[in-house]
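Q: Take 659 as the starting number for the sequence shown in the numbering used here and just add one per residue.
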Amino acid sequence: MTQPHTILFTRRRWDRLFAFGTVAAVIVAGLCIGLTGQYYSCAGPFVLLGMWGYVRKTTPVSGSRIETIEGNPWTIRLLVFLGVILLLTLCFYTFDRFVLEHPINKPWRWYHWCFMTVTIAAMIIGGHFIDQASKRDRVKRINEEPIDNSSSQVMGNLDP
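#1: Helix, strand or coil: how does DSSP classify R767 here?
#2: When DSSP builds the beta bridges, which residues end up paired with E725?
#3: Could you have a look at G692 and say whether DSSP puts it in helix, strand or coil?
#4: Between which residues of its own chain and I822 is the CB-CB distance below 8 Å, once the five residues before and five after are set aside?
#5: Could you tell me the alpha carbon to alpha carbon distance between H770 and I782, rounded to whole angstroms?
#6: Any idea if A687 is buried or exposed, counting beta-carbon neighbours within 10 angstroms, 16 or more meaning buried?
#7: Would you mind stating whether R714 and R669 have Cβ atoms separated by less than 8 Å?
#8: By how many angstroms is the C-alpha of D754 removed from the C-alpha of H760?
#9: Taking L736 as part of the alpha helix (DSSP H), name the residues at either end of that continuous run.
#10: Would you mind working out which of G695, A779 and A701 sits nearest A683, comparing C-alpha positions?
#11: Quick one: Cα of L745 to Cα of L737, how far?
#12: Taking buried to mean at least 16 other C-beta atoms within 10 Å of its own C-beta, is P703 buried or exposed?
#13: If distances are taken between C-alpha atoms only, which option among G679, D789, V681 and G785 comes closest to G741?
#14: Measuring straight from C-alpha to C-alpha, what distance separates N730 and D795?
#15: Beta-carbon within less than 8 Å of T777's beta-carbon, same chain only, minus the 5 sequence neighbours each way: which residues are those?
#16: Judging by CA-CA distance, which residue of M709, I788 and D673 is the nearest neighbour of G721?
#17: DSSP three-state call for V719: helix, strand or coil?
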């Protein structure tokens with residue numbers, strides 16, 4: 659059985675996803691505060707709440723069609739790319755903690771700021787390139803679809 663290439667996302671579906679994400683963000687922020695004693699991780703749930711409000715406001719009441727992962731193969735490439743960046747970030751902080759012996763509850767040093775600047779820039783630039791490739795691929799697929807003239811309602815049925 660083939661999977662659908664698009665699904666209908668209603669406001670209620672977005673609410674369920676963002677509610678789960680917000681609860682998870684609050685738990686992660688609480689763990690970060692407990693480990694580090696620094697409260698800057700409290701911003702995460704508020705950013706998610708802002709995104710929730712924006713998505714809810716821009717989604718029509720009747721819902722909107724969103725491509726699934728199966729409907730857009732570039733989504734898988736984006737997820738793999740972001741997963742590699744997450745893995746590199748975890749490796750960086752593991753190296754920082756156990757080799758450089760920088761405690762997790764101490765303020766960042768200059769190399770932390772450099773790493774995070776490069777990481778965020780890589781995510782933005784990589785996401786942009788993947789998005790552009792996805793758009794080019796979508797236009798190419800649309801242009802290659804055959805046009806069925808036999809069911810055209812403009813000219814009517816011309817067969818005798």
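Where a beta carbon is used, it is the ideal one built from N, C-alpha and C, also for glycine.
A: Taking the coordinates as given:
#1: The residue you call residue 767 lines up with position 109 of the sequence shown. In this structure, R767 counts as coil in the three-state DSSP scheme.
#2: Translated into the one-based positions of the sequence shown, residue 725 becomes position 67. In DSSP, E725 forms a bridge with T664.
#3: Your numbering for residue 692 matches position 34 in the sequence shown. Under the three-state reduction of DSSP, G692 is assigned to helix.
#4: Any answer about residue 822 is impossible in this case: the structure gives the chain only from 659 up to 818.
#5: The residue given as residue 770 occupies position 112 in the sequence shown. The residue given as residue 782 occupies position 124 in the sequence shown. Approximately 18 Å, taken between the alpha carbons.
#6: As a working mapping, residue 687 is identified with position 29 in the sequence shown. Counting C-beta atoms within 10 angstroms of its own C-beta, A687 has 16 or more neighbours from the protein chains shown and is therefore classed as buried.
#7: On the sequence shown, position 56 is the one that residue 714 refers to. On the sequence shown, position 11 is the one that residue 669 refers to. Going by C-beta atoms, R714 is nearer than 8 Å to R669.
#8: Stepping through the sequence shown from its first residue, residue 760 is reached at position 102. Stepping through the sequence shown from its first residue, residue 754 is reached at position 96. Roughly 6 Å between the two C-alpha positions.
#9: Locating residue 736 in the sequence shown gives position 78, where the first residue counts as 1. Its alpha helix (DSSP H) spans residues P731 to F756.
#10: Taking the first residue of the sequence shown as 1, we reach residue 683 at position 25. Distance from the Cα of A683 is smallest, within the candidate group G695, A779 and A701, for A701.
#11: In the sequence shown, the residue the question calls residue 745 occupies position 87. In the sequence shown, the residue the question calls residue 737 occupies position 79. Their backbone Cα atoms lie some 12 Å apart in a straight line.
#12: The residue labelled residue 703 in the question sits at position 45 within the sequence shown. Answer is buried; the Cβ neighbour count reaches 16.
#13: By 1-based counting over the sequence shown, the position of residue 741 is 83. Shortest Cα-Cα distance from G741 to any of G679, D789, V681 and G785 involves G785.
#14: On the sequence shown, residue 730 is found 72 positions in, with the first residue counted as 1. On the sequence shown, residue 795 is found 137 positions in, with the first residue counted as 1. So the alpha carbons of these two residues sit roughly 9 Å apart.
#15: Here the question's residue 777 lines up with position 119 in the sequence shown. Once the five neighbours on either side are set aside, the close Cβ partners of T777 are I743, L746 and T747.
#16: Residue numbering aside, residue 721 sits at position 63 when the sequence shown is read from its first letter. Looking at the Cα atoms, D673 is the closest of the given residues.
#17: Counting from 1 along the sequence shown, the entry for residue 719 is found at position 61. Coil, per DSSP.
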